[in-house]
Structures are given as C-alpha cells and as structure tokens.
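Peer 1: Numbering (my numbering), first residue to last: 8 to 121.
Right, I'll just put the structure down here and ask away after.
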Ligand code: SF4
C-alpha cells in the first residue's frame with residue numbers, strides 16, 4: 008500500500024511525501040507557466056557564520072559545505088522551508104524573495120552544483 012501525505016509548508020506550497028521519499032510540487036502559478044519550481048537560497052550572512060542549524064533540519068540533506076558558506080542544491084531542495092527559520096543570521100530566503108543586492112547567491116548556488 009502506498010501512503011501519500013500532503014503537507015502545506017505554510018506558504019501554500021504543498022510538499023508530497025510518498026512514504027519512500029519527498030517530492031516537490033510546483034506552485035500553481037509556476038506550473039501554469041511551465042517555469043521552474045522555487046527553491047531556497049543561502050545568502051551572504053552565512054559567510055563567516057556557517058552555523059549548520061539548517062543542515063541539521065533539512066529532511067533531504069541537500070545543504071552542502073560550499074567553502075566560504077553553505078549552499079543549497081537547487082536540484083535536490085524540496086522547498087519545504089524548514090531551514091529558513093533555523094538560520095540565526097537570516098541568510099536563507101525563498102528564491103523569489105532574495106533581496107536584490109544578494110541575487111548573485113542564486114547564481115552562485117546554481118554554478119556550484121552544475
Ligand atoms: Fe532543505 Fe531548506 Fe530545501 Fe527544505 S527548503 S529541502 S530544509 S534546503
């Protein structure tokens with residue numbers, strides 16, 4: 008028997024747990040545009056901090072040591088949002104809410120995992 012559980016991550020973004028794993032579900036607006044799903048991004052305040060609280064709560068272990076900071080693999084992140092409130096320096100944002108002056112960290116993560 009397959010058990011399907013659907014969670015609301017608090018941001019109207021459902022996460023589906025098919026018992027054997029986690030699957031990210033695109034937001035309705037993104038899915039309708041055929042665009043990519045939003046993932047979370049770690050930004051500048053992580054540099055020099057690297058607190059690791061985010062690493063400990065990530066259910067899919069998609070946060071990696073990127074040298075000067077931790078980085079989220081956008082291909083593996085299921086957009087659950089668990090890491091965001093754990094960061095003591097508020098370095099983590101949903102991709103579409105990253106402040107303009109830190110948008111380079113979206114590219115930094117993408118390039119790291121290419
Ligand atoms: Fe991991 Fe954060 Fe992505 Fe959730 S949102 S899967 S905790 S990196």
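Just so it is clear, CB atoms sit at the ideal spot from N, CA and C, and this is done for glycine as well.
Could you check whether the Cβ of residue 79 sits closer than 7 Å to any heavy atom belonging to the ligand SF4?
Peer 2: Residue 79 Cβ: within cutoff of the ligand SF4.
Peer 1: Which whole runs of the alpha helix (DSSP H) in the stretch 45-113 are 4 residues long or more, in chain order?
Peer 2: With a minimum length of 4 residues, the continuous alpha helix (DSSP H) runs that stay inside the stretch 45-113 are 60-64.
Peer 1: Have a look at 66, 54, 112 and flag the residue whose alpha-carbon is nearest the alpha-carbon of residue 85.
Peer 2: If we check each option's Cα against that of residue 85, 66 comes out closest.
Peer 1: Would you tell me roughly how many angstroms separate the C-alpha atoms of residue 81 and residue 94, rounded to the nearest one?
Peer 2: Each residue's Cα considered, the two are about 18 Å apart.
Peer 1: Measuring straight from C-alpha to C-alpha, what distance separates residue 91 and residue 121?
Peer 2: About 23 Å.
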